[in-house]
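Notes to accompany the following structure.
Residue numbers (the numbering used here), protein chains in the order written: chain P, 240 to 368; chain V, 192 to 684.
What follows is the structure in structure tokens.
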């Protein structure tokens, strides 16, 4: 994600990187644990992260689905670059930690590993799996 | 060349399962794994999948609503067979919950077919079938119905050159589902709770083209996964091992019991391959006699195995059993769990006999054995005992079983199970009262096909073991517990 955002990222670039990363995470996980499973995890991660970054807090009646990610990227783009970077990173870390808590480090690494691979090879791995 | 198709049988990697399937899982078969929640269906499916999946024979595992996949991964990875390295290499999981919640079976079927066609897997699993069925009422008008769906899925899976499994909570007892007809194999899992014990059982209700073991087979789930304990098969006389046993009967090699004078009473020792019952009340010295039998075996280079249900060897009065077990000269199966199946014990016993190359086996005692066996098996205890004795004699080992005898002096009994007829030889131990002292006597009641002593002899238990004394003469009514001195004795004295 940091790579995607460039060397001195501004908030917009960070939001764009998040918008690029999360669909790839979903693409890896959804076939295995279901799109709903991914969304539940994402919302839980969001909830946990928003204690440190209250501006990430979703409205209780948020409709969910693709709108959740859109809402998050919009909020990221509206923040100071440093704050956006921290929040975006924290969200990803929290999400991964949640997954690790549930299914263990090895399996998480197995499922998500290709997401962290350099962007050029990532799509190939996905289709080849 | 016959030109007939040869069916390859895949080794499932589930201990005991291949045996009850009749030699393994036929390749390209379409199988159903059914049973109530918690009966081990997903575990069985995973264990088979992780064993069989390779790069050349990749597996697709479709998860449908049922159990949330995250939970499935969380718990299933605890098993030893769960090989993380195979995930996304030779094993791919595909979640179908989106298609199923849409409520359109056409889409579910189309997705399964698409994935199967794209991946060309050698193994396909759909878990679970029941969750698909539960979604049935939400069907759109005009879409295919549930019956058609399962039927079509069954047809599709069975025509694909892959070994396929549908996992479901469908009960095999009720009205048979049409898909049961399409399936080549039907594995039904169950768990029986009886009072405080729980017993898992598996039944192969159908497996085309091969002779499966009939009846319910018990299995256990541990960290290693599922282990099936096939019901011991009693072989016919044509069996090679049986032939060996009967040969040893003919030649009448006799084993020493390790108690001076007892061999003489038995007519020269216990014939090899015989099963002996030692019956007596509590404390009469049955375990000590059994220990002497094993110790004698160790002395002459015949390893032994003991299945102890009562006292642990370290509690034994004579330290020799404990020493022999520690020294690895005698194999020990010591159990006090109360949910065993006889088949599980027999399986463990046979494994140990093979490992130790044992020729002497002690079961101490049948009463403890009956208690250790899960209540649901107690009804069949005699039958299972018969099978066990037959299997052990088929192995050619010499068996000594002890049996607790109630102190009853109004009748002469040897075993509460009527199991006396199962054994080839019987020794009975009793207490008698002489001159206000409780004394022990023993007698050889039966040695099949052999002359033996008919004397009642006193014996003592000393630090050196059993010491058999002189025959008890001059008394009558010993077995009633209240002997009277015969008048003749005065004359002799």
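Ideal placement from N, C-alpha and C gives every residue a C-beta, glycine not left out. Note that the structure is predicted; figures quoted are calculated from it, not measured.
C-beta neighbour in chain P for residue 238/V, strict 8 Å | no
On the DSSP bridge assignment, give the partners of residue 651/V in chain order.
-> In the DSSP assignment, the residues bridged to residue 651/V are 658/V.
Anything in chain V within Cβ reach of residue 269/P, meaning under 9 Å, just list it in chain order.
-> 286 and 289
Can you pull the chain V residues whose beta carbon is under 9 Å from the beta carbon of residue 274/P, in chain order?
-> 286, 288 and 289
Per DSSP, which one or two residues make a beta bridge with residue 379/V?
-> 225/V and 394/V
Chain V residues whose Cβ lies nearer than 7 Å to that of residue 384/P = Examination of residue 384/P is not possible in this model, given that chain P is present from 240 through 368 alone.
Anything in the region 219 to 248 of chain V with a Cβ closer than 8 Å to a Cβ of chain P? List those residues in chain order, please.
-> none
Contact list for the region 250 to 271 of chain V against chain P, Cβ threshold 7 Å = 259, 260, 261, 264, 265 and 268
Flag residue 355/P as yes if its beta-carbon sits less than 8 Å from any beta-carbon of chain V, otherwise no.
-> no
Can you tell me the Cα-Cα spacing of residue 439/V and residue 461/V, whole angstroms?
-> Note that residue 439/V has pLDDT 48, beneath the 50 cutoff, so the model's placement of it is unreliable and the number below is only indicative. One C-alpha to the other measures close to 12 Å.
Determine the chain V residues that contact residue 346/P at a beta-carbon separation under 8 Å, and present them in chain order.
-> 264, 268, 275 and 278
For residue 389/V, count neighbouring C-beta atoms within 10 Å of its own C-beta (all shown protein chains included) and say buried if the count is 16 or more, exposed if not.
-> exposed
Tell me whether the beta-carbon of residue 286/V lies closer than 8 Å to the beta-carbon of residue 271/P.
-> yes
Is the CB-CB distance between residue 374/P and residue 347/P below 8 Å?
-> In the structure displayed, chain P extends from 240 to 368; residue 374/P sits before or after that span and is not available.
Taking only beta-carbon positions, decide if residue 253/P is within less than 8 Å of chain V.
-> no
With DSSP collapsed to three states, give me the class of residue 260/V.
-> helix
Taking the continuous beta strand (DSSP E) assigned at residue 404/V, which residues delimit it?
-> Counting along the chain, residue 404/V falls outside any beta strand (DSSP E), and DSSP gives it neither H nor E.
Alpha carbon to alpha carbon, what distance is there between residue 284/V and residue 549/V?
-> Answer to the nearest angstrom: the Cα atoms are 47 Å apart.
Integer-rounded CB distance, given that residue 379/V should sit under 8 Å from residue 226/V = The pair is a contact, with the Cβ atoms about 6 Å apart (cut-off 8 Å).
Would you call residue 490/V buried or exposed, if buried means 16 or more other Cβ atoms sit within 10 Å of its Cβ?
-> exposed
Do you know how far the Cα of residue 383/V is from the Cα of residue 324/P?
-> 56 Å
Interface partners of residue 343/P on chain V, CB under 7 Å = 268
Through-space distance from residue 536/V to residue 520/V, alpha-carbon basis = Approximately 20 Å between the Cα atoms of the pair.
Pick helix, strand or coil for residue 542/V, following the three-state DSSP scheme.
-> Shown here, residue 542/V sits in a helix according to DSSP, grouped into three states.
Identify which residue in 355/V, 557/V, 339/V and 630/V has its Cα closest to the Cα of residue 299/V.
-> Out of 355/V, 557/V, 339/V and 630/V, 339/V has the C-alpha closest to the C-alpha of residue 299/V.
Hey, how far is the Cα of residue 248/P from the Cα of residue 240/V?
-> Going by the C-alpha atoms only, they are around 46 Å apart.
Of the choices 543/V, 553/V and 533/V, whose alpha-carbon is the least far from that of residue 574/V?
-> The shortest C-alpha separation from residue 574/V is found at 533/V.
Could you tell me the distance, in whole angstroms, from the CA atom of residue 524/V to the CA atom of residue 614/V?
-> A straight line joining the alpha-carbon of residue 524/V with that of residue 614/V spans about 22 Å.
Consider the Cβ of residue 211/V: report whether some Cβ of chain P lies at a distance smaller than 8 Å.
-> Using a Cβ-Cβ cut-off of 8 Å, residue 211/V does not count as an interface residue toward chain P, since no Cβ of chain P sits closer than that to its own.
Would you check if the distance between the CB atom of residue 582/V and the CB atom of residue 495/V is smaller than 8 Å?
-> Their beta carbons are not under 8 Å apart, which means residue 582/V does not touch residue 495/V by this criterion.
Backbone CA spacing between residue 642/V and residue 674/V [nearest angstrom] | Just so you know, the alpha carbons of residue 642/V and residue 674/V end up roughly 27 Å apart.
Length of the line joining the Cα atoms of residue 208/V and residue 371/V = C-alpha separation (whole angstroms): 20 Å.
Report the three-state DSSP secondary structure of residue 290/P (helix, strand or coil).
-> coil
Helix or strand or just coil, what does DSSP make of residue 551/V?
-> strand
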